[in-house]
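The sequence shown maps to residues 1 to 713 in full-length UniProt numbering.
Note that the Cβ used here is the ideal one computed from N, Cα and C, for glycine as well.
Here is the structure we will look at, set down as structure tokens.
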Amino acid sequence: MQSRDVAPASAPAPAEPVGPRLDAGRRFRPDIEGMRAVAVTLVVLYHAGVPFLSGGYVGVDVFFVLSGFLITGLLLDEVRRSGTISLRRFYARRARRLLPLAALVVVASAAAAYLLVPPLDRPRIGVDALGAALYAANWRYAVGATDYLGADSHDSPFLHFWSLAVEEQFYVVWPLLILLVVALGPKGWGSVRRRVTVGLVLLGGGSLVLSVLLTPTSGSWAYFGLHTRAWELAAGAAVALALPLCERLPRAVALVAAAAGLGLVLWSAVAYDDTTLFPGIAAAAPVGGAVLLLVAGTVASGAGVGALLSRPGPRYVGRISYAWYLWHWPCLVVVALLADGSPTAWQLVLGVVASLVLSVVSHVLVEDPVRRNRWLSAVPGRSLALGAGLTVLTVGAALLLQPFASRDVDVERLPDLGTPAASAPVDEDGVPDVDVPSMTAEEARADQARPSGCYVSYPGTEAPPVDDCVFGDPEGEETVALIGDSHSIHWLPAFDEMARERGQRLLVWGKTACPSVDIDVWVARQTRAYSECGQWRTSVEERLAEVDDLTTVFVARSKGYTTATLGPDGEVLDEAGTGPVWEAAAERTLGRLGDLADRVVVVQDTPWSPQDVPSCLSEQEPSGWRACNFPREGNVHLDTVLVEAEERAAATEGLGDRVAWLDMTDAVCPGPDECTVVAPNGAVVYADDSHFTNTWSRSAWTVLSERVDALAR
């Protein structure tokens, strides 16, 4: 299942005016329903993993443009007729249109999560549900995407609510801004229209600039933020303002424009993928395509592309598009959970079909009846009360997922297991002779090394001074350093203990998803190139150069760069293409590090569990922890491409015995066939699927020390 986050089809319902009614008798626009159908189909098929629609997430941009067009048309029509906007009536319509179906999906998804998601992960899913219930899901995911060590959100059935939050925030702000513009000058329609146009240009232009500037450096905030998406809504609003000009378009030109618009949308859906810097300037293609379709439809909605979009099939899909988008993602998540994260193509098809059925049923039984209810629509306060009640209901559903998180974990009080992790009793198969782990799943999740300041997340670029990042024996006469990404930091407790015992001063600098090898990296979590990594890397080397007695630099890193290395043209390389680029970068890096220290030791990446270990443990009785063990085959030595490239680089640089590789695989997985998630001393090994718990890492220091001595010999 694809993991790019895409927005729900949260445009207004077809029963409301589907085109701005700035003049009496404005005709209905059936082609807009067809545009919705194209948008939602792209999004659903993309999420279902259809390979040729790697950019299907652009369907959300089409929805943003449509919402800006439709809502602005309704608001301006009211201003022209009455000179003002009734906020109560406007928000009441939005509440009837959006909230009943959204509440149904939130409650149903919360129930599914309670039944299917491991207990340890329910609080995280509950926070997602709370964001959806309070119309703030976009900011929830913008913050979450900056926390690398935080759990991934792609198993959350609420992920797609981020765009509904963007639109709801737009619905709150935009009428208020129009009212402000109306109040700032003469009340005549021509004057009001000019002021709205100026305000729209300033708002949309500023948002576009922010989107272009922030997308390369702050991908999650640019992707999820209202401030960087507002220009897409403004583009649709601009069409609503320019309708009189659009109606003068020659029919032949309109037919060509419609074909070009649909072509732009479909081209971006095929040409873009998860490595495209988005939104930024790349969003101009789908946004521009949607604008062209809207403009062309003012004079040619019944011919050419407009006629195709206006056929009964596309119109019906467009009519249920809001329901289909709300249901499709939870259905695909449920399918993935039932398939242990690896659904087959037929299972994905089943998920899509199930979501379509639910959409049809809920549209008929919930969406349409509530939206058309005369009793509710007669008095705005009734619809607003309904919206408030539904919000309380969804907040309650979100809170039902929270109880497991009620206990705080004091990681400072976790047991310091002195028994070496690989020397305690095991059976003849190498499996630990442990009845019950010494840690709960909750404690294992919380027990991760994060030295403040010396380990930084994505934004950090400056390594702290040497004296601020000293571990081990601060008075030691010998100095060693540990540098790298989060897979260096999860070794910190072991290195810290080893350095204390050896009387060594240990310097530590680490950065999220940032290798010490001099390459350009793609950050999939934030969908952008990682410019801060290079700055951090340079800063760390400058700090190392300040140390006169540096004997050894330990460099540790994840295997993840086998599919996250950027080539010379900025493209993301596959594993085969990574080797030569990594080798060239390692030549530069190992040469520089070799000038700074007597020896460089590269710590090879350790085994990765195919599932989140604490989550798995939370589903078992304490004595059933063995169900979470995993085979060595396919899960160890996953960084071979990187190691071989580094070995070639060291040979080329003539570093010989001054560079060594430390393989701790057997210490993590002492059995011949299976990796056990609980060590012989009872410590849970993993805090997620690849990072160690502090407790296990600390207890492994003697094994680490023996391996380091063996390398020296």
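According to DSSP, residues forming a beta bridge with residue i
{"i": "G510", "result": "Y455 and G484"}
{"i": "residue 714", "result": "Residue numbering for the chain in the displayed model covers 1 to 713; residue 714 lies beyond these limits and cannot be assessed."}
{"i": "A556", "result": "G484 and V603"}
{"i": "T479", "result": "R505 and L550"}
{"i": "E706", "result": "Paired residue(s): none; E706 is not in a bridge."}
{"i": "F692", "result": "Y686"}
Sequence-distant residues of its chain with Cβ nearer than 7 Å to residue i (five each side left out)
{"i": "A271", "result": "G55"}
{"i": "A142", "result": "S220, W221, F224 and G225"}
{"i": "V466", "result": "L507, R543, E546 and V547"}
{"i": "T589", "result": "S516, V517 and D518"}
{"i": "T565", "result": "I519, V521, L573, T578, V581 and W582"}
{"i": "V335", "result": "P343, Q347, L348, L350 and G351"}
{"i": "L53", "result": "L42, L45, Y46, A269 and V270"}
{"i": "V641", "result": "T562, E575, T578 and G579"}
Coil, strand or helix - residue i by DSSP
{"i": "V172", "result": "helix"}
{"i": "F630", "result": "strand"}
{"i": "C669", "result": "coil"}
{"i": "Q535", "result": "helix"}
{"i": "V287", "result": "helix"}
{"i": "L384", "result": "helix"}
{"i": "A444", "result": "helix"}
{"i": "T652", "result": "helix"}
{"i": "G472", "result": "strand"}
{"i": "W661", "result": "strand"}
{"i": "V685", "result": "coil"}
{"i": "A529", "result": "strand"}
{"i": "W608", "result": "coil"}
{"i": "V523", "result": "strand"}
{"i": "V38", "result": "helix"}
{"i": "E619", "result": "coil"}
{"i": "E674", "result": "strand"}
{"i": "V107", "result": "helix"}
{"i": "M498", "result": "helix"}
{"i": "G49", "result": "coil"}
{"i": "I178", "result": "helix"}
{"i": "L277", "result": "coil"}
{"i": "F90", "result": "helix"}
{"i": "E462", "result": "coil"}
Same chain, Cβ closer than 8 Å to residue i, five either side skipped, listed in chain order
{"i": "V395", "result": "L130, A133 and L134"}
{"i": "D468", "result": "G453 and C454"}
{"i": "D574", "result": "T563"}
{"i": "V677", "result": "S609, V613, C616, L617, W625, C628, N629, F630, V684, V685 and Y686"}
{"i": "R88", "result": "P380, G381 and L384"}
{"i": "A481", "result": "L506, L507, V508, W509, L544, V547, L550, T552, V553, F554 and A597"}
Cβ-based neighbour list, residue i, same chain, cut-off 6 Å, excluding 5 preceding and 5 following
{"i": "Q620", "result": "A627"}
{"i": "A37", "result": "P314, V317 and G318"}
{"i": "A92", "result": "P380, S383 and L384"}
{"i": "A39", "result": "G59, V62 and F63"}
{"i": "A405", "result": "Since pLDDT at A405 reaches only 41, below the 50 mark, its modelled position is unreliable, and the value read off the structure follows with that caveat. Result list for A405: P123, in chain order."}
{"i": "P30", "result": "S310 and R315"}
{"i": "R599", "result": "T552 and R658"}
{"i": "G387", "result": "A95 and L99"}
{"i": "H328", "result": "V44 and S355"}
{"i": "I178", "result": "L75"}
beta-carbon residue i near the ligand GDP non-hydrogen atom, thresh 7 Å
{"i": "G579", "result": "No copy of the ligand GDP appears in this structure; indeed no ligand is present at all."}
At least 3 beta-carbon pairs within less than 8 Å: the stretch 276 to 291 vs the stretch 306 to 321: no
Report the residue ranges of all beta strand (DSSP E) runs contained in full by the stretch 214 to 261; include only those spanning at least 3 residues, in chain order. Note on the stretch 214 to 261: there is no whole beta strand (DSSP E) run with a minimum of 3 residues.
Quick check: the stretch 252 to 267 against the stretch 295 to 309, are there 3 or more CB pairs under 8 Å? yes
For the stretch 582 to 598 against the stretch 613 to 625, are there 3 or more C-beta pairs whose distance is under 8 Å? no
Alpha helix (DSSP H) runs wholly inside the stretch 303 to 375, at least 4 long, in chain order: 305 to 309, 312 to 319, 321 to 338, 345 to 362 and 368 to 372
If we count Cβ pairs, one from each stretch, closer than 8 Å, do we get three or more for the stretch 687 to 704 versus the stretch 646 to 653? no
Under 8 Å: do the stretch 202 to 217 and the stretch 524 to 531 share three or more Cβ pairs, one atom per stretch? yes
Are there three or more Cβ pairs, one per stretch, closer than 8 Å when the stretch 154 to 162 is compared with the stretch 102 to 116? yes
Evaluate the contact criterion for the stretch 484 to 502 versus the stretch 684 to 703: three or more CB pairs, one atom per stretch, below 8 Å. A contact between stretches requires three or more CB pairs, one per stretch, nearer than 8 Å, and the stretch 484 to 502 meets this requirement with the stretch 684 to 703.
Are at least three pairs of beta-carbons, each pair with one atom in the stretch 596 to 614 and one in the stretch 680 to 692, less than 8 Å apart? yes
Meets three-Cβ-pair contact criterion under 8 Å: the stretch 434 to 446 and the stretch 673 to 690: yes
Meets three-Cβ-pair contact criterion under 8 Å: the stretch 295 to 303 and the stretch 237 to 251: yes
Give, in chain order, every unbroken run of the alpha helix (DSSP H) that is at least 4 residues long and sits entirely within the stretch 119 to 166. Segments of the alpha helix (DSSP H) lying fully in the stretch 119 to 166: 122 to 133 and 137 to 144.
Just checking, does the stretch 66 to 78 make contact with the stretch 275 to 285 on the three C-beta pairs under 8 Å criterion? Taking 8 Å as the limit for Cβ pairs, the verdict is that the stretch 275 to 285 does not touch the stretch 66 to 78.
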